[in-house]
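Heads up: the protein sequence lines correspond to chains A and B, in order.
First residue of the first sequence? That's 0 in numbering that gives the first Met the number 0, and the numbers climb one at a time after it.
First residue of the second sequence? That's 0 in numbering that gives the first Met the number 0, and the numbers climb one at a time after it.
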Amino acid sequence: MAALSPQATPSSARMRLVCPAGTLPALKVAVDEGADDVYLGFKDQTNARNFAGLNFNDATIREGIAYAHRKGAQVLIALNTYPQPHNWRNWRAAVDRAAEVGADAIIVADAGVLRYACKTHPNLRLHLSVQGSATSHEAINFYYEHFGIHRAVLPRVLAVEQAEKVIARTPVEIEVFGFGSLSIMVEGRCALSSYATGESPNTHGGCSPAKAIRWQTSSAGMESRLGGVLIDRFADNEHPGYPTLCRGRFRVNGDVYYPFEEPTSLNTLELLQPLQAMGVKAIKIEGRQRSPAYVEAVTRVWRAALNHCAAEPQHYHVKPEWQNALAQISEGHQCTLGAYHRPWR
Amino acid sequence: MTLAPSPRLPRTVQKVVNRLPRYPASRAFTTLLNFTLRRKFPADVLEALEDHCFVIEAEDAGVQLMFTVRRKRFVPTNTLTEPTLHFRASTWDYITLAAREADPDTLFFNRRLSIEGDTETALLVKNTMDTIDIPRTRALLKMMLRAHSP
Ligand code: SF4
Chain A
0 MAALSPQATP
10 SSARMRLVCP
20 AGTLPALKVA
30 VDEGADDVYL
40 GFKDQTNARN
50 FAGLNFNDAT
60 IREGIAYAHR
70 KGAQVLIALN
80 TYPQPHNWRN
90 WRAAVDRAAE
100 VGADAIIVAD
110 AGVLRYACKT
120 HPNLRLHLSV
130 QGSATSHEAI
140 NFYYEHFGIH
150 RAVLPRVLAV
160 EQAEKVIART
170 PVEIEVFGFG
180 SLSIMVEGRC
190 ALSSYATGES
200 PNTHGGCSPA
210 KAIRWQTSSA
220 GMESRLGGVL
230 IDRFADNEHP
240 GYPTLCRGRF
250 RVNGDVYYPF
260 EEPTSLNTLE
270 LLQPLQAMGV
280 KAIKIEGRQR
290 SPAYVEAVTR
300 VWRAALNHCA
310 AEPQHYHVKP
320 EWQNALAQIS
330 EGHQCTLGAY
340 HRPWR
Chain B
0 MTLAPSPRLP
10 RTVQKVVNRL
20 PRYPASRAFT
30 TLLNFTLRRK
40 FPADVLEALE
50 DHCFVIEAED
60 AGVQLMFTVR
70 RKRFVPTNTL
80 TEPTLHFRAS
90 TWDYITLAAR
100 EADPDTLFFN
110 RRLSIEGDTE
120 TALLVKNTMD
130 TIDIPRTRAL
140 LKMMLRAHSP
């Protein structure tokens with residue numbers, strides 16, 4: 000183990016690594032590779048990755064929590080979608096289930112669910128989901144005062160300086176996205192998927208439900224369609240991404256291009272040192288829909304980077320092999336810093 | 000960023016495999032599936048896959064494995080009706096997937112894995128495969144990949 004430099008970051012200021020798990024094997028590799036927190040969801044619409052065959056039942060959650068705790072990691076359960084009046088009971092039951100199986104915290108977006116959780120299970124730690132869409136310290140402090148949230152995940156729309164201002168003005172721990180596919184809209188409020196399919200991630204737990212997706216190869220190339228709407232067409236040398244409307248290539252005023260954003264992945268390795276210095280508490284990795292092989296590769300790189308950043312903040316630099324490993328598993332042609340470095344606000 | 004190209008099968012192996020008739024190859028494959036994976040597939044997933052037809056094509060080897068699920072068992076089929084899912088990749092990439100050395104979405108983004116057909120079923124299969132732990136088989140496959148990696 001490398002000796003700590005005199006400038007080593009005190010443990011209280013170290014950032015936690017929060018990794019995704021869609022399956023029990025993914026949880027295990029995340030923990031083995033050094034995740035501090037692993038987040039996961041139930042097999043239903045109470046979380047925003049409600050996909051066939053993915054997620055946990057009570058038996059796998061219990062096994063996962065026991066595995067994580069044995070190795071000193073924590074398990075966070077995402078209940079980050081919005082109930083409707085007719086199905087409110089499902090979210091209430093999910094909160095009870097999370098408390099019963101011994102989750103270390105739940106990640107919640109809806110104010111009603113937060114209220115229920117804080118009244119019924121006062122010892123259950125609450126994290127405000129990115130889907131809660133709280134981008135200002137006023138919003139985050141509101142959730143703190145009313146529901147006692149412990150941590151908030153910042154939506155991927157803030158620049159670094161804006162995140163820093165939020166952190167300085169709230170007692171709530173701040174978690175930011177470090178790596179993964181980008182969802183470019185204001186999280187928790189995007190209805191693009193509903194427009195083409197009648198279902199959105201906010202209420203049904205999945206952007207672009209699989210039943211509405213069709214991939215087809217024709218002489219014109221490989222096409223992806225969502226609810227019949229042509230999302231993109233890829234020539235042989237082009238790389239497809241997830242078929243969501245925000246990543247679509249459309250004809251606008253006669254030009255065909257990506258009017259929202261090109262399919263890219265967020266990668267903030269370069270910003271780790273300033274994020275740590277400004278007091279970010281946790282770095283989140285996106286990708287509960289990805290395989291254990293992805294989780295293993297990403298967790299390994301980010302563990303190494305966070306250790307390096309904590310041990311020698313002055314000398315922190317991004318190693319080419321980290322970037323290389325991450326670029327191999329990214330969606331889209333390139334990794335970007337997303338809104339963290341966007342010139343416009 | 001593009002992945003390095005996967006190694007192709009040696010020509011001699013290609014020739015031999017090319018001569019294998021399709022049905023016996025599918026039969027051998029489903030026997031292997033029933034032996035190694037069937038019991039690990041949750042019953043509700045096998046039920047959902049009942050009567051769906053799958054094609055796994057290894058283009059470099061010229062092999063097409065065709066099978067379906069009947070009474071919760073994988074069985075070979077010869078029918079040429081449109082399959083629910085048609086997978087295409089190289090033999091090497093299939094092995095890296097089975098060994099969990101590669102991530103299916105990455106291969107898909109890089110046009111190395113093509114999946115045509117019903118996306119919901121594709122996700123169900125992919126995600127279920129991810130829940131299955133077969134450590135000994137995987138260790139063996141990993142050893143094989145190391146021995147032959149370029
Ligand atoms: S359409 Fe894009 S921005 Fe909107 S929820 Fe889906 S992934 Fe996110």
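The beta-carbon is built from N, C-alpha and C at its ideal position, and this holds for glycine as well.
- Against chain B, a Cβ distance below 8 Å from Gln215 of chain A picks out Glu115.
- Between Ile166 of chain A and Val30 of chain A, the C-beta spacing is not below 8 Å.
- Restricting attention to A:Asp43, A:Pro9, A:Arg13, the CA atom closest to the CA of Gly21 of chain A is found in A:Asp43.
- The beta-carbon separation of Thr216 of chain A and Glu115 of chain B, rounded to 7 Å, stays under the 8 Å limit for a contact.
- Contact annotation: Val44 of chain B and Gly204 of chain A have beta-carbon atoms that are not nearer than 8 Å.
- Membership of Asn266 of chain A in the beta strand (DSSP E) is indicated by the continuous run 264-266.
- In this structure, Val175 of chain A lies near Lys283 of chain A, with their beta-carbon atoms less than 8 Å apart.
- Taking all protein chains shown into account, Gly71 of chain A has fewer than 16 neighbouring C-beta atoms within 10 Å of its C-beta and is therefore exposed.
- Taking one beta carbon from each stretch, the segment 301-319 of chain A and the segment 117-134 of chain A have fewer than 3 pairs nearer than 8 Å; the two do not touch.
- No Cβ of chain B is located within less than 8 Å of the beta carbon of Leu229 of chain A.
- For chain B, the residues of the segment 194-209 of chain A that bring a beta carbon within less than 7 Å of one of its beta carbons are Ala209, in chain order.
- In this structure, the ligand SF4 has a non-hydrogen atom nearer than 7 Å to the beta-carbon of Pro200 of chain A.
- The C-beta of Gly227 of chain A has fewer than 16 other C-beta atoms within 10 Å across all chains shown, which makes the residue exposed.
- A contact between stretches requires three or more CB pairs, one per stretch, nearer than 8 Å, and the segment 95-106 of chain B fails this requirement with the segment 60-80 of chain B.
- Beyond the five residues adjoining it in sequence on each side, Glu237 of chain A comes within less than 8 Å, by CB distance, of Gly220 in the same chain, given in chain order.
- With fewer than three CB-CB distances shorter than 8 Å, the segment 233-253 of chain A does not count as touching the segment 52-63 of chain B.
- The beta-carbon of Leu191 of chain A is placed no less than 8 Å from the nearest beta-carbon of chain B.
- Scanning the segment 71-118 of chain B for uninterrupted beta strand (DSSP E) segments of 3 residues or longer gives 72-75, 84-88, 113-117, listed from N- to C-terminal end.
- Here Asp103 of chain A has Gln73, Val74, Leu75, Arg124 as same chain residues with Cβ atoms under 7 Å from its own Cβ, once five neighbours each way along the sequence are excluded.
- Look at Phe53 of chain B: its C-beta is not under 8 Å from any C-beta on chain A.
- In the assembly as shown, His126 of chain A is a buried residue. Its beta-carbon has 16 or more other beta-carbons within 10 Å.
- One Cα belongs to Leu325 of chain A, the other to Leu336 of chain A, and the distance between them is close to 14 Å.
- Within chain B, the residues whose beta carbon sits less than 7 Å from that of Ile328 of chain A are Asp102, Thr105, listed in sequence order.
- DSSP, reduced to helix, strand and coil, places Tyr22 of chain B within a helical segment of the structure shown.
- Excluding the 5 residues flanking it on each side, Gly179 of chain A has same chain C-beta neighbours closer than 7 Å at Ser264, Leu265, Ile284, Glu285, Gly286, in chain order.
- Note: Val54 of chain B is bridge-paired with B:Met65, B:His85 in the DSSP secondary-structure output.
- At least 8 Å separates the CB of Leu39 of chain A from every CB of chain B.
- Along the segment 14-44 of chain A, going in chain order, the ones with a CB nearer than 8 Å to a CB of chain B are Gly21, Thr22, Leu23, Pro24, Ala25.
- Within 9 Å of the CB of Arg110 of chain B, the CB atoms of chain A belong to Met221, Phe233, Asp235, Asn236, Glu237, His238, Pro239, in sequence order along the chain.
- At least 8 Å separates the beta-carbon of Leu23 of chain A from that of Val37 of chain A.
- When Cβ pairs closer than 8 Å are counted between the two stretches, the segment 289-305 of chain A is seen not to touch the segment 193-203 of chain A, the count staying below three.
- Excluding sequence positions up to five before and after Glu186 of chain A, its CB lies within less than 6 Å of the CB of Val129, Gln130, Ser132, Pro154, all in the same chain and listed in chain order.
- Judged by DSSP in its simplified three-state form, Thr22 of chain A adopts coil rather than helix or strand.
- The Cβ of Val68 of chain B sits no closer than 8 Å to any Cβ of chain A.
- A Cβ-Cβ separation of about 5 Å places Val28 of chain A in contact with Val294 of chain A under the 8 Å criterion.
- Per DSSP, reduced to three states, the secondary structure at Tyr66 of chain A is helical.
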